[in-house]
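Number of protein chains: 2
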Amino acid sequence: MWNDLPSTTRTGASFSIFKKLLKTLLFREPQKKNIFLHVNDGSSLQSLQVVGGAELSDPLLTFGSAVEVTGTLRKSPHPQQPVELGADQIHVVGECNSVDFPFKIKERHSLEYIRQLPHLRCRTNVFSSLLRVRSEATTAVHSYFKSNGFLQIHTPTITSNDCEGAGELFQVEPSGPDFEEEVNFFSVPAFLTVSGQLHLEVMSGSFSRVYTFGPTFRAENSQSRRHLAEFFMVEAEISFTQSLEDLTKVMEGMFRSTTEHVLAHCADDVGLFHKHVTPGHRVSPEGQKCPPYSKEMITYSEAIDILNRSSENFTFPTDWGCDLKTEHEKYLVKHCGDVPVFITDYPYDLKPFYARDNQDQPKHTAAAVDLLVPGVGELCGGSLREERLSLLKARLEDVGLEEIYSWYLDLRRFGSVPHGGFGMGFERYLQCILGVNNIKDVIPFPRFSHSCLL
Amino acid sequence: MWNDLPSTTRTGASFSIFKKLLKTLLFREPQKKNIFLHVNDGSSLQSLQVVGGAELSDPLLTFGSAVEVTGTLRKSPHPQQPVELGADQIHVVGECNSVDFPFKIKERHSLEYIRQLPHLRCRTNVFSSLLRVRSEATTAVHSYFKSNGFLQIHTPTITSNDCEGAGELFQVEPSGPDFEEEVNFFSVPAFLTVSGQLHLEVMSGSFSRVYTFGPTFRAENSQSRRHLAEFFMVEAEISFTQSLEDLTKVMEGMFRSTTEHVLAHCADDVGLFHKHVTPGHRVSPEGQKCPPYSKEMITYSEAIDILNRSSENFTFPTDWGCDLKTEHEKYLVKHCGDVPVFITDYPYDLKPFYARDNQDQPKHTAAAVDLLVPGVGELCGGSLREERLSLLKARLEDVGLEEIYSWYLDLRRFGSVPHGGFGMGFERYLQCILGVNNIKDVIPFPRFSHSCLL
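Written as structure tokens, this is what we have:
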């Protein structure tokens, strides 16, 4: 949307000889003796202004070129920038043909347009801002877990499990002539992980709190603005808990701490999105529009009552036992006052084998919890895990998975502890705080059905 | 190797009522009135001793069971532990049948044995130590890059590139009935990444310093102690450099800073490996055996001279132009005094298309650098990248890749900058500092040919 190169290096307050290679954006003032460049090294949204005499003018100093500038950092006469660089020498180290360069000076390109150019879009202001926010949010997530006693586990990408028992898996096999004759490289069918949960549960047998943060995969044949074939997930598992509230506290703590960090470290970058991409979108410790500083917690059964009392015409049924669809989630968030909503205790039959049986009736539920947020819908999903061997075994037998998951039953045989965990889609988190509508615009290289550029 | 459960929770110095669910290791002293448990929550190698009266004795208090203990934390009479827990109540929350439990009390199980039990091996001392070291090393790597101005980029796992132009790729396709008819989910063949380098180079067009840290893949049909099908790689890319020394400084800084952090935060865990797994192995700021605090830097041509002057009988040829094999690397490290060795300026024809041409003759080299370390061999590999459009284009034409990599040429067309980068195998780093011989023992869930457990 902004064809300006990401502009200005942060320079601090020292006034000294300054030599650095920088990207440049040139403004030549006609009829005047000075030339002005806006240069940027990617460290912030703001640009450093370089001022040079007319003798430094060079036809190669085009928009998008890379330059080396030698000069003196000095106080700027402009109130909006603390310093500027008075250039003694300017050297173009990387030319850029403005006619061929797909971003144009002073023009706002749409997110859709720059998405077609994954190898160049980081050179727009908006996408370099996104990448700084993403990097800081990643740092903040790690830092939250670290400071709360969680051990980081590198759960595997390739797995022989199918965590959800659902389809939508990518299978992995070697390509190339050496392997054509082999049936399975790993001797068993191997897939890309849909969740690190079961591997984290392994670690719950030894550590009180563990987490993982990495890529997960769904072979979903969808071009929707909400789905990717490869996306990042933060997952945590907490031992010694029998309470969904313990899980919601960690979800909330992670959200709050990460958002505070991002707002503190990337104010300009977040501001760019809120000003130009989603005008009116706000995220702040006081803001009610997004982060769960104020929140609601309702049961699934209460949610169904709310939906059935409403005057909305839903496309999908709202009988007890039906899954909540996007339209329902949206309504519930709105009904609760556009705040994050935790929904707990889902129908037992809707949840996977590992969800803990609440053993209630006649409406049989499992101890599961989802976090819905405005604009995005489901951000987190979690549950207590069935730690009771007999119940877990019976359920796995029911679905015919007892043999495949005998290792998982072992975890309950040998010093089992009550535990639970959750996962958060990292891209959805970024959509939530930035107000970005399409998930493809918050990941460096989006992969989805019919698209794997680069 | 150690069947003791990872033992003791860190307790601090406060003496107060203490209630926590913990894993237990029971010692009952026959004929005495007290029972003793060693309990652990995974936070450190050391165990917390729980002392209880004989009336708390319970046949379910077996090795490997999980317990909840209520009592008073008090000064311990033993000099090796600052505190012990005087138990008022002990409740077994998770039983463990010692006969079936594959780890036995007071027995040292081999790394090979515990490797067969990936769902339980985190419950041995040695593997819980490994996981703590791995988590701290991960934190330290992120922290090094963060504090040196690097932006973290989530490079993709699924890619349509083949970075090295070599084989050994895993291909990705959806499994299941919905997709049987489709040729390619992504419309193009898609692979698991062998390196995030080219994606990082994209980012070098906008940011001065970027890095990535995630899983990478090789479909290598090898059961060797040095190879995995899925392993973690740290990769960095630095803009505005024309010097290999800039790269070696970052490699060295990362190694030093990570190792210092691990030694400061996991002294007991590292000590366990150096005492019991590889007796005599040392890593310390003064130690010469591993970290590059003292180092050598030689060119490939000098390395060839050294090899040819030696009296060793090498299996593989040592003519100028031949690739260095493990036997050569080992000799070179030994020759240089068992210190890390940087080898620079490899034959041009040995390096991939992106390596920067040194334009020398008659021995034509590229600006590439490898870091060899004692015990492990190649730990890092890097190069300056060919930023000159005409040279890069000519080379891609030579190998017939010009069309596929037209996007990569675009990076040189529009404001190219001199840059370079490197990758470090994270598991090899862990092997190096811990002295672990087999790479399968430093990753939570090893994947290699014919094995994908869990």
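Sequence lines, in order, name chains A and B.
Just so we're aligned, residue 1 is where the first sequence starts under the numbering used here, counting upward by one.
Just so we're aligned, residue 455 is where the second sequence starts under the numbering used here, counting upward by one.
All C-beta atoms in this analysis are idealised placements derived from N, C-alpha and C, irrespective of residue type, glycine included.
Beta-carbon of residue i versus every beta-carbon of chain A: anything under 8 angstroms?
{"i": "residue 673 of chain B", "result": "yes"}
{"i": "residue 874 of chain B", "result": "no"}
{"i": "residue 641 of chain B", "result": "yes"}
{"i": "residue 562 of chain B", "result": "no"}
{"i": "residue 720 of chain B", "result": "no"}
{"i": "residue 820 of chain B", "result": "no"}
{"i": "residue 569 of chain B", "result": "no"}
{"i": "residue 625 of chain B", "result": "yes"}
{"i": "residue 644 of chain B", "result": "yes"}
{"i": "residue 596 of chain B", "result": "yes"}
{"i": "residue 496 of chain B", "result": "yes"}
Taking C-alpha atoms, which residue in the options lies nearest to residue i?
{"i": "residue 870 of chain B", "options": "A:60, A:421 and A:432", "result": "A:60"}
{"i": "residue 124 of chain A", "options": "A:209, A:365 and A:273", "result": "A:273"}
{"i": "residue 356 of chain A", "options": "A:323, A:390, A:334 and A:380", "result": "A:390"}
{"i": "residue 656 of chain B", "options": "B:607, B:612 and B:682", "result": "B:607"}
{"i": "residue 832 of chain B", "options": "B:824, B:853 and B:838", "result": "B:824"}
{"i": "residue 326 of chain A", "options": "A:188, A:169 and A:375", "result": "A:375"}
{"i": "residue 611 of chain B", "options": "A:122, A:229 and A:94", "result": "A:229"}
{"i": "residue 82 of chain A", "options": "A:436, A:112, A:90 and A:49", "result": "A:49"}
{"i": "residue 798 of chain B", "options": "B:772, B:774 and B:836", "result": "B:836"}
{"i": "residue 476 of chain A", "options": "A:372, A:373, A:380 and A:384", "result": "Because chain A here runs from 1 to 454, residue 476 of chain A falls outside it and cannot be looked at."}
{"i": "residue 146 of chain A", "options": "B:600, B:590 and B:598", "result": "B:590"}
{"i": "residue 613 of chain B", "options": "B:641, B:645 and B:592", "result": "B:645"}
{"i": "residue 542 of chain B", "options": "B:872, B:803, B:511 and B:890", "result": "B:511"}
{"i": "residue 225 of chain A", "options": "A:51, A:84, A:112 and A:397", "result": "A:112"}
{"i": "residue 301 of chain A", "options": "A:449, A:295 and A:322", "result": "A:322"}
{"i": "residue 789 of chain B", "options": "B:842, B:758 and B:676", "result": "B:758"}
{"i": "residue 413 of chain A", "options": "B:495, B:508 and B:550", "result": "B:550"}
Determine the direct distance from the alpha carbon of residue j to that of residue i, and round the result to whole angstroms.
{"i": "residue 173 of chain A", "j": "residue 185 of chain A", "result": "7 angstroms"}
{"i": "residue 574 of chain B", "j": "residue 205 of chain A", "result": "8 angstroms"}
{"i": "residue 281 of chain A", "j": "residue 133 of chain A", "result": "16 angstroms"}
{"i": "residue 116 of chain A", "j": "residue 109 of chain A", "result": "11 angstroms"}
{"i": "residue 465 of chain A", "j": "residue 770 of chain B", "result": "The structure shown does not extend to residue 465 of chain A, since chain A spans only 1 to 454, so no value can be given for it."}
{"i": "residue 118 of chain A", "j": "residue 840 of chain B", "result": "21 angstroms"}
{"i": "residue 68 of chain A", "j": "residue 46 of chain A", "result": "18 angstroms"}
{"i": "residue 314 of chain A", "j": "residue 491 of chain B", "result": "58 angstroms"}
{"i": "residue 794 of chain B", "j": "residue 813 of chain B", "result": "28 angstroms"}
{"i": "residue 908 of chain B", "j": "residue 407 of chain A", "result": "8 angstroms"}
{"i": "residue 546 of chain B", "j": "residue 526 of chain B", "result": "18 angstroms"}
{"i": "residue 440 of chain A", "j": "residue 859 of chain B", "result": "23 angstroms"}
{"i": "residue 289 of chain A", "j": "residue 827 of chain B", "result": "Reliability fails at residue 289 of chain A, whose pLDDT of 47 lies under 50, so the model's placement of it is uncertain and the value that follows must be treated cautiously. One C-alpha to the other measures close to 53 angstroms."}
Could you tell me whether the Cβ of residue i comes closer than 8 angstroms to any Cβ of chain B?
{"i": "residue 85 of chain A", "result": "no"}
{"i": "residue 394 of chain A", "result": "no"}
{"i": "residue 457 of chain A", "result": "Residue 457 of chain A cannot be examined here, being either before or after the span of chain A that is shown, 1 to 454."}
{"i": "residue 452 of chain A", "result": "yes"}
{"i": "residue 493 of chain A", "result": "The structure shown does not extend to residue 493 of chain A, since chain A is modelled only from 1 through 454, so no value can be given for it."}
{"i": "residue 101 of chain A", "result": "yes"}
{"i": "residue 379 of chain A", "result": "no"}
Can you find the residues in the same chain that come closer than 8 angstroms, C-beta to C-beta, to residue i, ignoring five residues on each side of it along the sequence?
{"i": "residue 552 of chain B", "result": "516, 517, 518, 558 and 559"}
{"i": "residue 235 of chain A", "result": "155, 195, 196, 197, 200, 211, 212, 213, 421, 422, 423 and 424"}
{"i": "residue 686 of chain B", "result": "667, 668, 669, 670, 879, 880, 881 and 897"}
Looking only at its own chain, which residues have a Cβ that is under 7 angstroms from the Cβ of residue i, when we skip the five neighbours before and after it?
{"i": "residue 287 of chain A", "result": "Reliability fails at residue 287 of chain A, whose pLDDT of 37 lies under 50, so the model's placement of it is uncertain and no value is given."}
{"i": "residue 411 of chain A", "result": "201, 202 and 205"}
{"i": "residue 556 of chain B", "result": "571 and 574"}
{"i": "residue 548 of chain B", "result": "519 and 520"}
{"i": "residue 723 of chain B", "result": "499, 583, 586 and 587"}
What does a CB cutoff of less than 6 angstroms around residue i pick up in its chain, not counting 5 residues either side in sequence?
{"i": "residue 261 of chain A", "result": "140"}
{"i": "residue 220 of chain A", "result": "168 and 227"}
{"i": "residue 663 of chain B", "result": "603, 604 and 692"}
Should residue i be listed as close to the ligand MN, given that the test is whether its C-beta is under 7 angstroms from any heavy atom?
{"i": "residue 663 of chain B", "result": "Summarising the ligand content, the structure contains no ligands, and the ligand MN is consequently not present."}
Next on the checklist: Counting only Cβ-Cβ distances shorter than 9 angstroms, please list the residues of the region 429 to 450 of chain A near chain B, keeping chain order.
Outcome noted: 443, 444, 445, 446, 447, 448, 449 and 450
Next on the checklist: Counting only Cβ-Cβ distances shorter than 7 angstroms, please list the residues of the region 63 to 94 of chain A near chain B, keeping chain order.
Outcome noted: 64, 65, 66, 93 and 94
Checklist entry - Along the region 649 to 668 of chain B, what residues have a CB closer than 8 angstroms to any CB found in chain A? => result 652, 653, 656, 657, 659, 660, 661, 662 and 668
Item to check | the region 403 to 419 of chain A: positions lying closer than 9 angstroms to chain B by Cβ | outcome: 407, 408, 410, 411, 412, 413, 414, 415, 416, 417 and 418
Checklist entry - If you measure beta-carbon to beta-carbon, which residues of the region 684 to 710 of chain B are closer than 8 angstroms to chain A? => result 684, 686, 693 and 694
Checklist entry - Looking at chain B, which residues of the region 147 to 164 of chain A have a Cβ within less than 8 angstroms of any of its Cβ atoms? => result Correct list: 149, 151, 152, 153, 154, 155, 156, 157, 158, 159, 160 and 161.
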